[in-house]
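Q: Each residue of the sequence shown is one higher than the one before, starting from 5 at the first, in my numbering.
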Amino acid sequence: TMTPLFIFSLIFYQFFLLHQNSNVSGKVLGSTTQKVEYEAIPERSSATDAKVSISEARIDVLKQFLGRYNSPLVEYSEYIVEISDKYNLDYRLLPAIAMQESTLCEKAPKDSYNCWGFGIYGQKITRFASFENAIETIARSLSQDYHARGLIEPIDIMSRYTPSNTGEWAENVSYVMERISASL
């Protein structure tokens, strides 16, 4: 008994919807009224507005990611995104290299501000005056000495950044970059 009643209710509801969408509902006592349809008008936004919100999202993602590891780089999330954009780099690349080289500065040489293993080999340690200086210098180097030569992906960068590595470095950097993306 419930099935026929349910089917009848569905048919009745379909007729109701059909009636609502037809012009018949616009007629009242022999006169016609304008059917008013309401629609949300989308906000006008320029490309700049969209770029700002994308940039803010990337900053938030980096802050969350770096914060999870109590990295001192968390304070430089905005700067990392800004400098990455300036040098046309993937904003995840610098944090991913820092994770691979020093577990986000945990194992960086003392007072070096060098979380990226940049110019560190044997007894030689490249030191920077600040994290800002390190981020700018390394981003510029990645752009000019790597990207300009077609070394874009971690596997390509590895061939020059850490040439003795057999592939683990690139796999780890790529993995961290994916983890940062997953936060979006």
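Positions of the beta carbon are idealized from the N, C-alpha and C atoms, including for glycine.
Measuring only the C-alpha atoms, how far is R62 from V85?
A: For R62 and V85, the distance between alpha carbons rounds to 7 angstroms.
Q: Going by Cα to Cα distance, which pick from G121, Y17, L14 and R144 is closest to Y165?
A: Nearest option by C-alpha distance: G121.
Q: Smallest Cα separation from Y83: which of I129, Y125 and N137?
A: The shortest Cα separation from Y83 among I129, Y125 and N137 belongs to N137.
Q: Could you name the residues that DSSP lists as bridge partners for K128?
A: K128 is bridged to Y125.
Q: Quick one: is S88 buried, meaning 16 or more other Cβ sit within 10 Å of its Cβ, or exposed?
A: Buried, because 16 or more other Cβ atoms sit within 10 Å of the Cβ of S88.
Q: Can you tell me whether P167 is buried or exposed, with buried defined as 16 or more other CB within 10 angstroms of its CB?
A: It counts as exposed.
Q: What is the DSSP secondary structure of F16, counted as helix, strand or coil?
A: Three-state DSSP puts F16 in a helix.
Q: In angstroms with no decimal places, state the Cα-to-Cα distance between G171 and L66.
A: One C-alpha to the other measures close to 25 angstroms.
Q: What is the DSSP secondary structure of K114, counted as helix, strand or coil?
A: Coil, per DSSP.
Q: R183 by DSSP, collapsed to three states: which one?
A: In the structure shown, R183 sits in a helix (DSSP, three-state: H, G or I).
Q: Counting only the same chain and skipping the five closest in sequence on each side, list residues whose C-beta sits under 7 angstroms from that of S81.
A: Excluding sequence neighbours, S81 sits near I63, L66, K67 and L70.
Q: So P158 is in the alpha helix (DSSP H); what residue range does that whole segment cover?
A: Start and end: P158 to Y165.
Q: Nearer than 7 angstroms: is that true of the beta carbon of L9 relative to any heavy atom of the ligand SAM?
A: Absence of the ligand SAM is noted for the structure shown, with no ligands found whatsoever.
Q: Looking at C109 and P76, is the spacing between their C-beta atoms short of 8 angstroms?
A: Going by C-beta atoms, P76 is nearer than 8 angstroms to C109.
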